[in-house]
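K.L.:
Below: one structure in structure tokens.
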Amino acid sequence: MGRLVKTYFMPHPPIVIPEVAGDRHGLCKNTYDAMMEVGREIAKIKPKRIVIISPHGTVFSDGIGALYNHDLYGNLATFGHEDIEVQKRCDMFFVDELATEASRSDIVVAKIDEDFAEELGITYTLDHGAIVPLWFVDQFYKDYDVVHLAYGLLSPSKLYELGQNIRTVVKQFAGDTVLIASGDMSHALKDSGPYDYHPEGANFDKFVVEAIGKHDFLSILSYPQKKRESARECGFRSFCIAFGAHDRMLVDSKVLSYEGPFGVGYMVAGISEVGGIVPGLLPSIIELSRAEQARRLGLEDDYVKLARNVINTFVLMGDRPQVDPNDYAIDKEAHGCFVSIKNDSGLRGCIGTIHPTRDSLIDEIVDNAIKACSEDPRFDPIYEDELADLRVSVDILLPPEPIESEEDLDPQRYGVIVEAGFKRGLLLPMLEGIETVGEQLRIAKSKAGIEDEPYHLMRFKVIRHEADL
6 MGRLVKTYFM PHPPIVIPEV AGDRHGLCKN TYDAMMEVGR EIAKIKPKRI
56 VIISPHGTVF SDGIGALYNH DLYGNLATFG HEDIEVQKRC DMFFVDELAT
106 EASRSDIVVA KIDEDFAEEL GITYTLDHGA IVPLWFVDQF YKDYDVVHLA
156 YGLLSPSKLY ELGQNIRTVV KQFAGDTVLI ASGDMSHALK DSGPYDYHPE
206 GANFDKFVVE AIGKHDFLSI LSYPQKKRES ARECGFRSFC IAFGAHDRML
256 VDSKVLSYEG PFGVGYMVAG ISEVGGIVPG LLPSIIELSR AEQARRLGLE
306 DDYVKLARNV INTFVLMGDR PQVDPNDYAI DKEAHGCFVS IKNDSGLRGC
356 IGTIHPTRDS LIDEIVDNAI KACSEDPRFD PIYEDELADL RVSVDILLPP
406 EPIESEEDLD PQRYGVIVEA GFKRGLLLPM LEGIETVGEQ LRIAKSKAGI
456 EDEPYHLMRF KVIRHEADL
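Next up, the structure:
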């Protein structure tokens with residue numbers, strides 16, 4: 006029977022490799038030293054396989070991506086170093102068994118071979134989220150197979166279950182296994198980093214580092230999603246899977262290093278099992294999730310309650326609900342509005358109107374809530390089993406005004422409308438991930454199909470109704 010000997014949390018900045026860093030290598034020396042130590046430890050273990058979870062493979066919203074080719078290869082050509090490469094055998098039998106085991110938890114593991122990759126227009130090579138950690142392993146030990154998984158945009162509880170599935174499969178195969186949860190911490194530690202500075206960045210990193218040191222995995226698993234999104238991290242979902250792989254095991258966890266010299270947090274840490282059985286965390290994760298759902302519902306005002314009730318009724322019954330205006334304290338004046346629906350994967354549906362199309366705002370919200378859950382062409386209609394996990398917001402649009410230039414825009418204050426002839430693209434303000442006017446315009450123009458042609462700009466404000474978490 007196989008063993009999961011150890012799990013490591015490793016960042017994946019190519020700049021931590023000396024050939025990439027050049028004269029900046031000393032700025033992330035703590036990370037380099039810790040990752041070299043991990044490589045030495047893995048060499049002593051001599052695992053038959055390394056299961057590596059990466060944020061930068063093909064990430065599906067509703068499942069896990071697993072590379073499925075006998076030989077796996079990748080290099081850092083996109084970072085200017087084609088000579089830095091990793092080539093490994095894929096443990097395809099392990100992937101087969103994991104797909105079967107995960108299906109029992111209603112988790113889809115998509116096996117990405119050459120044909121599947123060509124059909125979807127995706128790559129099936131090792132990404133830098135895997136290459137960088139494995140490069141450090143290869144400095145000391147190379148004789149191992151790889152199982153490369155790209156985490157899906159699933160709930161923490163489902164990712165935790167996948168970790169349990171991995172552990173089950175590990176036991177079915179001979180030889181020792183090491184798990185690497187690849188992921189960087191916050192990308193918002195400095196304005197000079199990939200994203201603008203956000204105070205939640207340092208808060209998230211400090212919280213995770215301290216919790217790992219105290220073996221307090223449940224606190225990390227229940228970290229508020231909105232705060233995580235503000236932190237701009239890419240490791241949380243990898244961590245969830247890793248924690249699940251050690252479910253019910255008494256463990257010791259230790260942070261080997263943490264630093265953020267370039268505006269991105271790099272944590273190197275490890276989990277070792279020390280013998281003994283403890284209560285599993287999955288029931289607590291689910292209970293905390295339900296409590297958070299109840300808290301969120303309690304914070305919703307009548308605008309959001311109306312939209313949610315309409316969505317629930319339409320998904321369950323297939324009919325437009327009859328709404329008594331006296332049941333909701335909603336502005337009677339007609340307005341355009343947008344109804345947005347999100348889940349753990351991100352946006353799940355969003356439909357709206359710039360100008361009112363109905364005589365009352367209540368009817369406008371009802372119309373757009375139905376369309377957002379059933380007619381957004383970017384998504385499948387919402388299913389019944391999704392309803393409890395949805396987050397709903399309603400934006401009331403104030404009248405748009407023409408502007409002369411991009412200087413009159415601010416993506417945190419104003420939405421934008423871009424028009425060229427019959428083409429029109431709209432983007433709401435205060436959207437997660439839209440930090441600059443350039444990003445806002447690029448997306449709005451793309452939605453309209455506007456390329457090099459002249460266009461006109463309008464801006465607008467919204468009154469946003471959402472549960473303030």
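So in the working numbering, the last one in the sequence shown is 474, and the numbering has no gaps at all.
Backbone N, C-alpha and C define an ideal beta-carbon position, used for all residues, glycine too.
Looking at K466: is its Cβ nearer than 8 Å to the Cβ of R396?
P.N.:
Against the sequence shown, residue 466 aligns to sequence position 461. Against the sequence shown, residue 396 aligns to sequence position 391. No, the pair does not count as a contact, with Cβ atoms beyond the cut-off.
K.L.:
Where do the ends of the beta strand (DSSP E) carrying V14 lie?
P.N.:
The count along the sequence shown starts at 1 and reaches residue 14 at position 9. As written in the sequence, residue 14 is Phe, which differs from the Val given in the question. Its beta strand (DSSP E) spans residues 8-15.
K.L.:
By DSSP, does V174 sit in helix, in strand, or in coil?
P.N.:
What you label residue 174 is simply residue 169 of the sequence shown in a count that begins at 1. Helix.
K.L.:
With H, G and I counted as helix, E and B as strand and the rest as coil, what does DSSP make of Q92?
P.N.:
For the purposes of this step, residue 92 is taken as residue 87 along the sequence shown, with counting starting at 1. Three-state DSSP puts Q92 in a strand.
K.L.:
Kindly indicate the opening and closing residues of the alpha helix (DSSP H) around K49.
P.N.:
Within the sequence shown, the letter at position 44 stands for residue 49. Run containing K49: 34-50, per the alpha helix (DSSP H) assignment.
K.L.:
What is the rounded straight-line gap between the Cα of E46 and the Cα of Q298?
P.N.:
Taking the sequence shown and counting its residues from 1, one reaches residue 46 at position 41. Taking the sequence shown and counting its residues from 1, one reaches residue 298 at position 293. In a straight line, the C-alpha of E46 is about 42 Å away from that of Q298.
K.L.:
Please report the straight-line C-alpha distance between I439 and L432, rounded to a whole angstrom.
P.N.:
Along the sequence shown, one-based indexing puts residue 439 at 434. Along the sequence shown, one-based indexing puts residue 432 at 427. I439 and L432: Cα-Cα distance of roughly 10 Å.
K.L.:
Please name the residue, chosen from F145, I468, L436, that lies closest to V366 on a Cα-to-Cα basis.
P.N.:
As a first step, residue 366 must be located in the sequence shown, where it is residue number 361. Note that residue 366 is Leu in the sequence shown here, rather than Val. When each option's Cα is compared against that of L366, the closest is I468.
K.L.:
So if DSSP puts D257 in a beta bridge, which residue, or which two residues, is it bridged to?
P.N.:
Sequence index remark: in the sequence shown, residue 257 carries index 252 (1-based). Paired residue(s): S277.
K.L.:
Once DSSP output is grouped into helix, strand and coil, what is the label at A339?
P.N.:
Against the sequence shown, residue 339 aligns to sequence position 334. Here A339 sits in coil by DSSP.
K.L.:
Along the alpha helix (DSSP H) that carries S108, what are the first and last residues, could you check?
P.N.:
Taking the sequence shown and counting its residues from 1, one reaches residue 108 at position 103. Residues 97-108.
K.L.:
Can you confirm whether the stretch 140-147 touches the stretch 193-205 when touching is taken to mean that 3 or more C-beta pairs between the two stretches lie within less than 8 Å?
P.N.:
These segments do not touch.
K.L.:
Just to check my reading of the structure: C95 and Y73 have Cβ atoms closer than 8 Å, yes? What is that Cβ distance to the nearest angstrom?
P.N.:
The sequence position of residue 95 within the sequence shown is 90, counting from 1. The sequence position of residue 73 within the sequence shown is 68, counting from 1. Correct: roughly 7 Å between the Cβ atoms.
K.L.:
Pick helix, strand or coil for L431, following the three-state DSSP scheme.
P.N.:
Taking the first residue of the sequence shown as 1, we reach residue 431 at position 426. L431 falls in the strand class under three-state DSSP.
K.L.:
Looking at S187 and F209, is the spacing between their C-beta atoms short of 8 Å?
P.N.:
Within the sequence shown, the letter at position 204 stands for residue 209. Within the sequence shown, the letter at position 182 stands for residue 187. Taking 8 Å as the Cβ cut-off, F209 and S187 do not qualify as a contacting pair.
K.L.:
With DSSP run on the structure shown, which of helix, strand or coil describes K347?
P.N.:
In the sequence shown, residue 347 corresponds to position 342, counting from 1. In this structure, K347 counts as strand in the three-state DSSP scheme.
K.L.:
Could you pull the DSSP bridge partners for K145 from this structure?
P.N.:
As a first step, residue 145 is located in the sequence shown; it is residue number 140 there, counting from the start. The question names Lys, but residue 145 is Phe in the sequence shown. Paired residues: none, contrary to the question.
K.L.:
So K450 and G426 are supposed to be a Cβ contact under 8 Å. How far apart are they, rounded?
P.N.:
On the sequence shown, residue 450 is found 445 positions in, with the first residue counted as 1. On the sequence shown, residue 426 is found 421 positions in, with the first residue counted as 1. K450 to G426, Cβ: 13 Å. No contact.
K.L.:
Run through the stretch 161-221 for me and flag every whole alpha helix (DSSP H) of 4 or more residues, listed as ranges in chain order.
P.N.:
Counting whole runs of 4 or more residues, the stretch 161-221 contains the alpha helix (DSSP H) stretches 161-177, 204-218.
K.L.:
Kindly indicate the opening and closing residues of the beta strand (DSSP E) around S398.
P.N.:
Sequence index remark: in the sequence shown, residue 398 carries index 393 (1-based). It spans 396-402 - the beta strand (DSSP E) in which S398 sits, taken as one unbroken run.
K.L.:
Considering only residues of the same chain and omitting the five flanking positions on each side of H203, which have a CB-CB separation below 6 Å?
P.N.:
If you number the sequence shown from 1, residue 203 lands on position 198. Result list for H203: A193, S235, in chain order.
K.L.:
Where do the ends of the alpha helix (DSSP H) carrying F65 lie?
P.N.:
Taking the sequence shown and counting its residues from 1, the one referred to as residue 65 is at position 60. Run containing F65: none; DSSP gives neither H nor E here.
K.L.:
In this structure, how does DSSP classify I290 when only helix, strand and coil are distinguished?
P.N.:
Translated into the one-based positions of the sequence shown, residue 290 becomes position 285. Three-state DSSP puts I290 in a helix.
K.L.:
Exposed or buried, Q177, counting other C-beta atoms within 10 Å across all chains shown (16 or more means buried)?
P.N.:
Taking the first residue of the sequence shown as 1, we reach residue 177 at position 172. So Q177 ends up on the exposed side.
K.L.:
Expressed to the nearest angstrom, what Euclidean distance is found between the alpha-carbon atoms of A155 and G31?
P.N.:
Reading the sequence shown from its first residue, position 150 is the one you call residue 155. Reading the sequence shown from its first residue, position 26 is the one you call residue 31. Straight-line Cα distance between these residues: approximately 30 Å.
K.L.:
Counting Cβ pairs, one atom from each stretch, are 3 or more of them under 8 Å apart for the stretch 284-300 and the stretch 344-354?
P.N.:
No contact exists between the stretch 284-300 and the stretch 344-354.
K.L.:
Alpha carbon to alpha carbon, what distance is there between I225 and R233?
P.N.:
Reading the sequence shown from its first residue, position 228 is the one you call residue 233. Reading the sequence shown from its first residue, position 220 is the one you call residue 225. Rounded to whole angstroms, R233 to I225 spans 10 Å at the Cα level.
K.L.:
Going by DSSP, what residues sit across from N317 in a beta bridge?
P.N.:
Position 312 of the sequence shown, counting from 1, holds the residue named residue 317. In DSSP, N317 forms no bridge with anything.
K.L.:
E471: which of A393, V399, F84 sits nearest, CA to CA?
P.N.:
The sequence position of residue 471 within the sequence shown is 466, counting from 1. Cα-wise, what sits closest to E471 is V399.
K.L.:
Assuming L164 contacts R54 (C-beta within less than 8 Å), just tell me the rounded distance between them.
P.N.:
Position 159 of the sequence shown, counted from the first residue, corresponds to residue 164. Position 49 of the sequence shown, counted from the first residue, corresponds to residue 54. Contact doesn't hold; Cβ gap of about 20 Å is too wide.
K.L.:
Report the residue from Q327, E305, D132 whose alpha carbon sits nearest the alpha carbon of A82.
P.N.:
Counting from one through the sequence shown, the residue named residue 82 turns up at place 77. Looking at the Cα atoms, D132 is the closest of the given residues.
K.L.:
Rounded to whole angstroms, what is the Cα-Cα separation between I58 and C239?
P.N.:
Position 53 of the sequence shown, counted from the start, is the residue given in the question as residue 58. Position 234 of the sequence shown, counted from the start, is the residue given in the question as residue 239. Taking the straight line from one Cα to the other gives about 11 Å.
K.L.:
Rounded to whole angstroms, what is the Cα-Cα separation between P434 and L402?
P.N.:
Counting from one through the sequence shown, the residue named residue 434 turns up at place 429. Counting from one through the sequence shown, the residue named residue 402 turns up at place 397. So the two alpha carbons sit approximately 11 Å from each other.
K.L.:
Thinking C-beta only, is G285 closer than 8 Å to D252?
P.N.:
What you label residue 252 is simply residue 247 of the sequence shown in a count that begins at 1. What you label residue 285 is simply residue 280 of the sequence shown in a count that begins at 1. Yes, the pair counts as a contact, with Cβ atoms nearer than the cut-off.
K.L.:
Could you tell me if A274 is buried or exposed, where buried requires 16 or more neighbouring beta carbons within 10 angstroms of its beta carbon?
P.N.:
For the purposes of this step, residue 274 is taken as the residue at position 269 of the sequence shown. With 16 or more other Cβ atoms within 10 Å, it is buried.
K.L.:
I171 and L223: beta carbons closer than 8 Å?
P.N.:
Counting from one through the sequence shown, the residue named residue 171 turns up at place 166. Counting from one through the sequence shown, the residue named residue 223 turns up at place 218. Not a contact, by the Cβ cut-off of 8 Å.
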